[in-house]
Structure formats: structure tokens, C-alpha cells
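**Student:** Just dropping this structure here.
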Amino acid sequence: MPDGFSAGDTAFVLISAALVMVMTPGLAFFYGGMVRVKSALNMLVMSFISLAIVSVLWVLYGYTLSFGKDAGAGLIGNLDHLGMRGIGLNDLNGSIPVTVFAAFQLMFAVITPALISGAIADRAKFTAWSLFVALWVTIVYFPVAHWVFFSDNGHGGWLVDHLGVIDFAGGTAVHINAGVAGLALCLVLGKRVGFKKDPMRPHSLPLVMLGSGLLWFGWFGFNAGSALAANGVAGMAFMNTQVATAAAMLGWLAYEKLRHGAFTSLGAASGAVAGLVAITPACGSVSMLGAVAIGLIAGAVCAAAISLKYRLGFDDSLDVVGVHAVGGAIGSVLIGLFATGHVGQSVQGLFYGGGWGQLGKQVVGVVVVATYSFALSWLLGQAIQKTIGFRVTEEVEVTGIDQAEHAETAYEFSAVGASLARALGTPATVTEPVAAKTNHKTGADAR
Amino acid sequence: MKLITAVVKPHQLEPVKAALQAFGVHGLTVTEASGYGRQRGHTEVYRGAEYTVDLVPKVRIEVLVADDDAEDVIEVLLKAARTGRIGDGKVWCVPVETVVRVRTGERGPDAL
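Which chain is which? The protein sequence lines are A and B, in order. The opening position of the first sequence corresponds to residue 1 in full-length UniProt numbering, with each subsequent residue numbered one higher. The opening position of the second sequence corresponds to residue 1 in full-length UniProt numbering, with each subsequent residue numbered one higher.
Given below as C-alpha cells:
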């Protein structure tokens, strides 16, 4: 390996990449538990499909658009690494191989569109969603990742290198980006049938807790791994992640107890996620006490923000806007107040003698990413809606999207189903597997 | 013969079963049920959205008894199921034309 290579850093980032990967199934369970039983599987698969689509696109052109040398003006990467060509085993990004860096960043690209799906739970066609994921990462995520994450001594992405916006692990590129796209999509698709009238209670809070636990676990890779080295900044980011999340859970629960009279498990899980989101951009620039403050603020504010959808009348099914857009904005903006100048970056926030400058930059970063993401996501959603249709029929939505879109259901509840079917003389429900048909045995026998 | 049906709180099932057994009732049928009376249900909160849950969980106990025993069994049921708090349930009794034991074909009180 060339000079500067660090086996320790490489091992750490590889593990971090794997941790970030587990966030996507974690998110699937977090969301999956929150929807009704009839559409639980669809919610899970909407996250899982992102693993498949984005991974392939990343190799084809995603990496080079995000992290290829800047094509000019800091807006997009060039096409030097189409199909990952030109990336050798010994090429380094800092002290780690480029292949390892590419793997780590891939996982960010995977989870970001998956986050959006919670806003349109229960009502999106799976093909339309899949197409959206592919197009959205192409025209929204890859460019924004370039703006925010690609640093190249003043020749990198315009937000990070020209303007000086701090986003350690993706508060703008991942969370505001996804949260605002969720808002755009749920406006395009419209409200669920029965929104504000029918009870749409979560079908499994234990799944939600499991999912939020996996997210929390994976998030250490997300945030600490973003140091791209096994060093003190990684340790600081790790600790900040933990304490901000803890504080946010307490903040959310306190708000909830005061406002609604109970400490709910969904509140605990949601508060944790809000804290994780908020500390993501800030974990590399604030002290641990700053992290606690950011967590408390994010927990309480996000808990209050989720009621916006009822007041403003948009159906963000699983509160992607309230948790990710609002949480990401809080974290990004608070960097302008809480950055100490002694952690990963030398920039100081307002509370540490840095003046208003960084606060202004952070606000610009938030507004720019939110505006870009909202506009393009809305246009993309409309384009899909007008062509192949984004939303399922009302009948499918009412009876449950799992059966219609996936020919499956999440659970088998009936203990008498089989004997009842026999007793009623309904046609046999088991047909031979497709493989048997190719063997010239007709599968129709079983009917 | 009479069919006595009681809809009671789930956690009163064990005392009711024990009391009926002590009285000498040979068999009963228990079904999970849900419903509400005058007190209505309860409220659940999910991320600040409050849901009124009308139907609360109950168990439905059905006992077939001879005419003479009916009043006594009702008394036993009432005593065992009563907590004195709201939502204790209801007991009712209807006449039954005939009862047949599936295994032997016995009819009437012999089949109880």
C-alpha cells in the first residue's frame, strides 16, 4: 500500500460502512411497525429496494457524479469514474482506499431515498416508487452530496468548499434533503383515504422500537465513521451521537407528557431518531454539552413539529418532515451557535465567539438544499404521477397495498383458515411451484 | 334449559371459572370479545394524535344449565365477576330448546 495508508482507519471505515448499511433495514422496521397491518410489507420493501437500486446506480455513475473531480462551479462531479473505472486498489482517499470510501458513501446514498418513503406510506405504486428512487438519487442526491461532502482544497462542492457550510455526516445532504422530498411527494400524492377520520394506529410498536434501536446502532457508523479515520474526532462524534440521542429522547418524552399526559414508546423511539438526525451535521464540531443541548432542543421541537401536518393538512404519514426535515434543520443551524472550534473544525459558532458568520452560512445551506430538493422532488413526483401514475387505486388502498402490489401479506393470523377453506369446499389454494411447470407437469392439477 | 351468557372483564375469567366449578357447572365456552357499554372505551396517543378506542377487550362466557339452576348460576357469576368498578359487564339468560351431545346423541338435560 502507498504511503499514508492506515490499516486502522480502513478497518474502522469498513465497519462503519457495514453499520450504516444496517440502518436501512432498521429504518424499514421503524417505518414498517408504524403502518397498518395491511400495508406493513410494502413499507419494508420500499426501504429494501433502495439497497438494490442505489447500489447499482452508485457503481454505474453515482460515485463519479458525487465524488468525481469537480466538473466546474462546484455543482457536480465529472464522469471520469463512470462504472468505477480508474479506481485502483491502491488509490487512497486520505488514509483509506477509495474503494472503502466509496462503500461508506454508498450506504448514505442508499438510506436517503429510503427515508422519503415514510411520507407516502400506504398509497404509492411500487413500480412508481422504484422509478422515483432511481431518478431522485440521480438528479437530487448525487449533486447535493457533491455540494456538501466533496471537499477538494477549494475545488470541491460549492456548499462545503466555496461557502464553508459545515455538515459533518449529512444533516443537509441526507436528512433535510429526504425530509423535504417527503413533503413534496406527499403533496403530489395527496392524503390517505380516511386521513384524520379513520384510526391509523401503528400495527407493531415493538417493531418500531427494534427499528429505532437498529438505527441508533448503525448511526455510530454514520457519524463516527464520517471522521474517515479511527481518531479522536471519531470518538467525539461517537459520544456526541450518544448523548444527543439520549437528550432528544428525554426532550420528546417531556414534551409529550406535558402536552398529552403519557410517556409513549413511540415517543421514545421518535425522540431518539430526532436526536440522531439533529446531531448528524453537528457531531464533528460541537462539545458533548453542546450535543446535549442540541438533543434536548431537537426532541422537544420535533415533537411539537409533527402536529403541523394536522394543522396544515398534508398527510406526511410517518412524520418524515417533522423528524427529518425539522431535525436536520435544527442540527444544521445550531452548528452556527454551538461549534466550539476545537473538535473537528476550527470554525467557531456564535456562543464560542465566532460571531454570526457561520450561523448565516448554515442557514443558507439549509435553505438551498431544502429549496432544491423540494422543487425537483415535486417535479419528479408530478412527472411520474402524470405518466405511469404514482398512487394506487382507492380500492387497493382500502383493502391493503401488500396483497395488490406484492401478492403477499405480512402475517398469517387465522388459525382456522385452512380447515375453513376445506370445509367450505373452496378451490385448493396451493398450486405447484413454477419450477415444476417447466418440468412439463402442469401446475393446474392442484386446482 | 337455559343459556347463560356473561360478558366480563378478561381478568375476572379465572375467578368466574373457579366459582362455576365450585358450584358444579361441568362445562363452559369462553370467547375473546370486545365491546363497550355506557362507559365507552379509552384513549390512546400516537405521536400526539389521540385515538378513541371504543371497543375494549372482554371475555364472553357461555354456560348451558338446567332450568332450576339458572338463577343460582347467575348469582355465582355475578358474585365472581363483580369488581364494583365501571365496565364490569353484563349477564343474560335465554331459553334453549334442545341440547344434543355430539359424541353420544343424548338429548336434553342428560346432555349437559
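Glycine included, each C-beta is placed from N, C-alpha and C at the ideal position.
So that I know if they touch, is there some Cβ in chain B lying closer than 7 Å to that of A/Ala446?
**Tutor:** Counted from its first residue, the first sequence places residue 446 of chain A at position 446. Bear in mind that the predicted position of A/Ala446 carries a pLDDT of just 39, short of 50, making it unreliable; the figure below should be weighed with that in mind. Not an interface residue.
**Student:** Indicate the three-state DSSP secondary structure (helix, strand or coil) for B/His26 in the structure shown.
**Tutor:** Within the second sequence, the letter at position 26 stands for residue 26 of chain B. In the structure shown, B/His26 sits in coil (DSSP, three-state: anything other than H, G, I, E or B).
**Student:** According to DSSP, what are the bridge partners of B/Ile61?
**Tutor:** Counting from 1 along the second sequence, the entry for residue 61 of chain B is found at position 61. For B/Ile61, which the question treats as bridged, DSSP gives the partners B/Ala6, B/Val30.
**Student:** Check whether the Cβ atoms of A/Val100 and A/Leu14 sit closer than 7 Å, and answer yes or no.
**Tutor:** For the purposes of this step, residue 100 of chain A is identified with residue 100 of the first sequence, where counting begins at 1. For the purposes of this step, residue 14 of chain A is identified with residue 14 of the first sequence, where counting begins at 1. The answer is yes: Cβ separation under 7 Å.
**Student:** Would A/Ile330 pass as a contact of A/Val301 if the rule is Cβ separation under 7 Å?
**Tutor:** By one-based count along the first sequence, residue 330 of chain A stands at place 330. By one-based count along the first sequence, residue 301 of chain A stands at place 301. In this structure, A/Val301 lies closer than 7 Å to A/Ile330 by Cβ.
**Student:** Restricting to runs no shorter than 4 residues, where is the alpha helix (DSSP H) found entirely within the segment 198 to 246 of chain A?
**Tutor:** Those alpha helix (DSSP H) runs which fall completely within the segment 198 to 246 of chain A and span 4+ residues are 205 to 224.
**Student:** So is B/Val99 in contact with chain A if we call contact Cβ pairs under 7 Å?
**Tutor:** Within the second sequence, numbered from 1, the residue matching residue 99 of chain B stands at position 99. False, the Cβ-Cβ gap to chain A never drops below 7 Å.
**Student:** If you reduce the DSSP assignment to three classes, tell me which class A/Ala274 lands in.
**Tutor:** As a first step, residue 274 of chain A is located in the first sequence; it is residue number 274 there, counting from the start. Helix at A/Ala274.
**Student:** Hey, how far is the Cα of B/Ala81 from the Cα of A/Gly328?
**Tutor:** The sequence position of residue 81 of chain B within the second sequence is 81, counting from 1. The sequence position of residue 328 of chain A within the first sequence is 328, counting from 1. Approximately 54 Å, taken between the alpha carbons.
**Student:** At a Cβ cut of 8 Å, what residues of the segment 33 to 49 of chain B count as close to chain A, listed as they run along the chain?
**Tutor:** Listed in sequence order: Glu44, Val45, Tyr46, Arg47, Gly48, Ala49.
**Student:** Does the count of Cβ pairs from the segment 304 to 321 of chain A and the segment 113 to 127 of chain A closer than 8 Å reach three?
**Tutor:** Counting Cβ pairs under 8 Å, three or more are found: they touch.
**Student:** Could you spell out where the alpha helix (DSSP H) holding A/Gly33 opens and where it closes?
**Tutor:** As a working note, residue 33 of chain A is residue 33 in the first sequence. Run containing A/Gly33: 7 to 34, per the alpha helix (DSSP H) assignment.
**Student:** What's the gap between the Cα of B/Asp54 and the Cα of A/Arg36?
**Tutor:** Counting from one through the second sequence, the residue named residue 54 of chain B turns up at place 54. Counting from one through the first sequence, the residue named residue 36 of chain A turns up at place 36. So the alpha carbons of these two residues sit roughly 18 Å apart.
**Student:** Please classify A/Asp91 as buried or exposed, where buried requires at least 16 neighbouring CB atoms within 10 angstroms.
**Tutor:** Within the first sequence, numbered from 1, the residue matching residue 91 of chain A stands at position 91. Its Cβ having fewer than 16 others within 10 Å, A/Asp91 is exposed.
**Student:** Would you say A/Val20 and A/Phe222 are within 7 Å of each other, going by their C-beta atoms?
**Tutor:** What you label residue 20 of chain A is simply residue 20 of the first sequence in a count that begins at 1. What you label residue 222 of chain A is simply residue 222 of the first sequence in a count that begins at 1. Result yes, Cβ atoms of A/Val20 and A/Phe222 sit closer than 7 Å.
**Student:** For A/Val188, which residues from the same chain have a beta carbon less than 8 Å from its beta carbon, with the 5 sequence-adjacent residues on both sides left out?
**Tutor:** The count along the first sequence starts at 1 and reaches residue 188 of chain A at position 188. Once the five neighbours on either side are set aside, the close Cβ partners of A/Val188 are Trp378, Gly381, Gln382, Gln385, Phe390.
**Student:** Should A/Ala224 and A/Phe238 be called a contact, given that it needs their Cβ atoms to be closer than 7 Å?
**Tutor:** Residue 224 of chain A sits at position 224 when you count from the first residue of the first sequence. Residue 238 of chain A sits at position 238 when you count from the first residue of the first sequence. In contact: A/Ala224 and A/Phe238 (Cβ atoms closer than 7 Å).
**Student:** Look up A/Ala339 in the DSSP assignment and say whether it is helix, strand or coil.
**Tutor:** Along the first sequence, read from residue 1 onward, the residue named residue 339 of chain A stands at position 339. A/Ala339 falls in the strand class under three-state DSSP.
**Student:** Between A/Ala229 and A/Gly94, how many whole angstroms is the CB-CB distance? I'm expecting something under 8 Å.
**Tutor:** As a first step, residue 229 of chain A must be located in the first sequence, where it is residue number 229. As a first step, residue 94 of chain A must be located in the first sequence, where it is residue number 94. That pair is a contact at about 7 Å.
**Student:** Can you tell me the Cα-Cα spacing of A/Asp70 and A/Gly77, whole angstroms?
**Tutor:** Counted from its first residue, the first sequence places residue 70 of chain A at position 70. Counted from its first residue, the first sequence places residue 77 of chain A at position 77. Taking the straight line from one Cα to the other gives about 4 Å.
**Student:** Exposed or buried, what is A/Arg192 when buried is set at 16 or more other beta-carbons lying within 10 Å of its beta-carbon?
**Tutor:** Within the first sequence, residue 192 of chain A is the residue found at index 192, counting from 1. Per the 10 Å Cβ criterion, buried.
**Student:** Under 7 Å between C-beta atoms, does A/Pro25 make it to chain B?
**Tutor:** Residue numbering aside, residue 25 of chain A sits at position 25 when the first sequence is read from its first letter. Not one chain B Cβ lies under 7 Å of A/Pro25.
**Student:** If you drop the 5 nearest sequence neighbours on each side, which residues of the same chain put their C-beta closer than 7 Å to that of A/Gly74?
**Tutor:** Stepping through the first sequence from its first residue, residue 74 of chain A is reached at position 74. For A/Gly74, where only same-chain residues beyond five positions count, the Cβ hits under 7 Å are Trp147, Gly156, Gly157, Trp158, Asp161, His162.
**Student:** Is any beta-carbon of chain B found at less than 7 Å from that of A/Ser307?
**Tutor:** Counting from one through the first sequence, the residue named residue 307 of chain A turns up at place 307. Yes, contact with chain B.
**Student:** Going by the C-beta, is A/Gly118 closer than 6 Å to any heavy atom of the ligand ZN?
**Tutor:** Within the structure as shown, the ligand ZN is missing, as the structure has no ligands at all.
**Student:** Tell me, please, whether the segment 17 to 33 of chain B touches the segment 82 to 90 of chain B by the rule of three or more beta-carbon pairs shorter than 8 Å.
**Tutor:** Too few Cβ pairs lie closer than 8 Å, so no.
**Student:** Short of 6 Å in beta carbon distance, which residues of its chain neighbour A/Met107, apart from the five on each side in sequence? Order them along the chain.
**Tutor:** Against the first sequence, residue 107 of chain A aligns to sequence position 107. Ala17, Val20, Met21.
**Student:** According to DSSP, simplified to helix, strand and coil, what is A/Asp70?
**Tutor:** Walking along the first sequence from the start, residue 70 of chain A turns up at place 70. DSSP places A/Asp70 in strand when its eight states are reduced to three.
**Student:** Consider the Cβ of residue 454 of chain A: report whether some Cβ of chain B lies at a distance smaller than 7 Å.
**Tutor:** Any question about residue 454 of chain A goes unanswered here, given that chain A covers just 1 to 447.
**Student:** For A/Val366, does the three-state DSSP call read helix, strand or coil?
**Tutor:** In the first sequence, the residue the question calls residue 366 of chain A occupies position 366. A/Val366 falls in the helix class under three-state DSSP.
**Student:** With DSSP collapsed to three states, give me the class of A/Cys186.
**Tutor:** Counted from its first residue, the first sequence places residue 186 of chain A at position 186. Looking at A/Cys186 - three-state DSSP - the assignment turns out to be helix.
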